[in-house]
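Position 73 of the sequence shown, counting from 1, maps to 73 under the UniProt record's numbering, and the rest follow consecutively.
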Amino acid sequence: MIQISEKEMSKQLQQIKENLRSALDSVEREISLKKYQFKDRFSLLEPITIMPFFGFGNDHYVYVKGRVLEKEKIKRKEQDISNFEHLKNTAKRYETDEIPGIKIRASFAEKQLEIKTDSDGFFLFEFEFDKPIDYQKHGNKVKLRLLETKTDEDEMEASAKIFVPDENAEFGVISDVDDTVLISHMTDFFAKIKLMLLNDAKERSPFPGISALLTALSKGRDDKGRNALFYVSGSEWNLYDLLINFFKYQDIPLGPLSLKDKGIKADLDKFTVAHQEYKARKIRHILKTYPDLDFICIGDSGQHDPETYCKILEEFPGRIKAIYIRDVTPAKRDKEVKKIAEKVKEMGAEMLLIEDTLEAAKHAAKMKWINEHHLEKVKKQSETDRN
Numbered sequence: 001m002i003q004i005s006e007k008e009m010s011k012q013l014q015q016i017k018e019n020l021r022s023a024l025d026s027v028e029r030e031i032s033l034k035k036y037q038f039k040d041r042f043s044l045l046e047p048i049t050i051m052p053f054f055g056f057g058n059d060h061y062v063y064v065k066g067r068v069l070e071k072e073k074i075k076r077k078e079q080d081i082s083n084f085e086h087l088k089n090t091a092k093r094y095e096t097d098e099i100p101g102i103k104i105r106a107s108f109a110e111k112q113l114e115i116k117t118d119s120d121g122f123f124l125f126e127f128e129f130d131k132p133i134d135y136q137k138h139g140n141k142v143k144l145r146l147l148e149t150k151t152d153e154d155e156m157e158a159s160a161k162i163f164v165p166d167e168n169a170e171f172g173v174i175s176d177v178d179d180t181v182l183i184s185h186m187t188d189f190f191a192k193i194k195l196m197l198l199n200d201a202k203e204r205s206p207f208p209g210i211s212a213l214l215t216a217l218s219k220g221r222d223d224k225g226r227n228a229l230f231y232v233s234g235s236e237w238n239l240y241d242l243l244i245n246f247f248k249y250q251d252i253p254l255g256p257l258s259l260k261d262k263g264i265k266a267d268l269d270k271f272t273v274a275h276q277e278y279k280a281r282k283i284r285h286i287l288k289t290y291p292d293l294d295f296i297c298i299g300d301s302g303q304h305d306p307e308t309y310c311k312i313l314e315e316f317p318g319r320i321k322a323i324y325i326r327d328v329t330p331a332k333r334d335k336e337v338k339k340i341a342e343k344v345k346e347m348g349a350e351m352l353l354i355e356d357t358l359e360a361a362k363h364a365a366k367m368k369w370i371n372e373h374h375l376e377k378v379k380k381q382s383e384t385d386r387n
């Protein structure tokens, strides 16, 4: 009888999972493509629109992503809506009808780029310039235009806002969203599903005090608001509008938001090494875009954030000033996080496992990263959010 080691068995199981993910993903994409082709052929498409996401840039580089979709009529909370309407809104977000292979043009700083959307309707533009970009002259928006039409009511134009750190920025902030900024119950499947299905942006709850903390970090030691914020989340792009509206309702500082592609494969990747690597890849891109800027990282103990940030610190020595990890898991996981914190300390940084936002604020004030007067604001905001 052939003996297989535990390590080899784990490796084989991982390969089976990867093959299953790829197969399911291919099937899902093929179904979406056939659906689009049928609607396009028989003129059944709704008017299409460009959904731009927040971009970011430096002196020589601008990154902009977005999507081309059929317009979805999602009811907002300006009027009272029922649980059934909430369910319909969620369904519309997750069952978006993307437009693959359509030509789109981006214009910025007297330069134009043209591409076709991918199979999921996404587009990505990366502008590179030899000379420094004059943002005072060219502004901070990339103009987008569709070069093809599908209906007489298509929205042909849009613009994407670019976030560029101030030249005097003291540091940047990279934050997770789920169970870090937004209460999501990612470690409790049924609570997560209930929240997702029956609550809109106004009804979702922030972690107590997080708005005040992120505002303090964005303003920095001198309170001049020069520091850039970036958000990296495991949520799907389908929830982009909900998250941005949530940030606005809760007065959370806006910044570029990196999310994941929708689909079966993305769902299977949750809580896996693939999910961890996705976040690491996005964070690497940010750090490489701003090589002269150090970062404070914020996450939670439930979704590999400690492992991801530790890995980034290994790859970019000296670039991570501190890591704040919100404790949302049982004691067994706490022990694992504390071991990772010891490793982080050996590399010259700190990882704090925190019970509440005020702990992080006190540490940031102690390190002179925020002005001390923000401590009272974090405390008051925490009390307000809890109530």
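All C-beta atoms in this analysis are idealised placements derived from N, C-alpha and C, irrespective of residue type, glycine included.
I'd like the list of long-range same chain contacts for residue i, defined as Cβ closer than 6 Å, with 5 residues on each side in sequence excluded.
i, result
"E153", "P47"
"V328", "D179, D300, S301, G302"
"T289", "N58"
"A322", "I296, E350"
"Y63", "G55, F56, E126"
"K65", "F53, L124"
"E155", "T49"
"A106", "L113, F125, V142, L144"
"D294", "F171, R319, K321"
"H60", "F129"
Can you tell me whether DSSP reads residue i as helix, strand or coil?
i, result
"T215", "helix"
"K194", "Bear in mind that the predicted position of K194 carries a pLDDT of just 42, short of 50, making it too unreliable to give a figure here."
"R319", "coil"
"M186", "With a pLDDT of 47 at M186, under the threshold of 50, the modelled position of this residue cannot be trusted, and the question is left open."
"K343", "helix"
"I264", "Note that I264 has pLDDT 41, beneath the 50 cutoff, so the model's placement of it is unreliable and no number is given."
"E28", "helix"
"E8", "helix"
"E98", "strand"
"I252", "coil"
"Q15", "helix"
"E46", "coil"
"Y290", "coil"
"I370", "coil"
"D179", "coil"
"K282", "helix"
"D334", "helix"
"K270", "Any answer about K270 is weak, because its pLDDT of 46 lies below 50 and its placement is not dependable; what the coordinates show is given next. Residue state, collapsed to three classes: coil."
"D118", "coil"
"D223", "coil"
"K131", "coil"
Once the 5 residues before and after residue i are set aside, which same chain residues still bring their CB inside 8 Å of it?
i, result
"D40", "K150"
"D104", "The sequence shown places Ile at residue 104, rather than the Asp named in the question. The answer, listed in chain order, is I50, V68, E114, I115, K116, T117, F123, L144, R145, L146, L147."
"D251", "S211, T215"
"Y240", "M51, F53, L257, L259"
"E110", "H138"
"E372", "A365"
"K343", "C310"
"S345", "Here residue 345 turns out to be Lys, not Ser, going by the sequence shown. If we look at K345 and ignore the five residues flanking it on each side, its Cβ neighbours are M351."
"Q37", "none"
"F207", "D179, T180, V181, L182, I183, R326, T357, D385"
Span of the alpha helix (DSSP H) holding residue i?
i, result
"Q381", "374-386"
"P306", "305-315"
"E246", "Reading the sequence as shown, one finds Phe at residue 246 and not Glu. F246 -> alpha helix (DSSP H) spans 240-249."
"E359", "357-366"
In the DSSP assignment, what are the bridge partners of residue i?
i, result
"F53", "DSSP output for F53 lists no bridge partner at all."
"Y324", "I298, L352"
"S107", "Q112, K143"
"L229", "V173"
"Y208", "Position check: residue 208 holds Pro in this sequence, whereas Tyr was assumed. Paired residue(s): none; P208 is not in a bridge."
"L257", "Y231"
"E236", "K260"
What residue range is occupied by the uninterrupted beta strand (DSSP E) comprising residue i?
i, result
"Y61", "61-70"
"Q136", "Counting along the chain, Q136 falls outside any beta strand (DSSP E), though it belongs to the alpha helix (DSSP H) covering 135-138."
"E128", "122-128"
Only counting the same chain, and skipping five residues up and downstream in sequence, which positions put a Cβ closer than 7 Å to that of residue i?
i, result
"R226", "D166, N168, A169, E170, G220"
"T96", "L69, E72, N238"
"G121", "R67, V68, L69, E98, I99, P100"
"E355", "D327"
Quick one: is residue i near chain D, going by C-beta distance under 8 Å?
i, result
"V142", "As a matter of chain content, chain D is missing from the structure shown, which is built from one protein chain."
Only counting runs of 4 or more residues, tell me where the alpha helix (DSSP H) segments fall wholly within the segment 145-177, in order along the chain.
none
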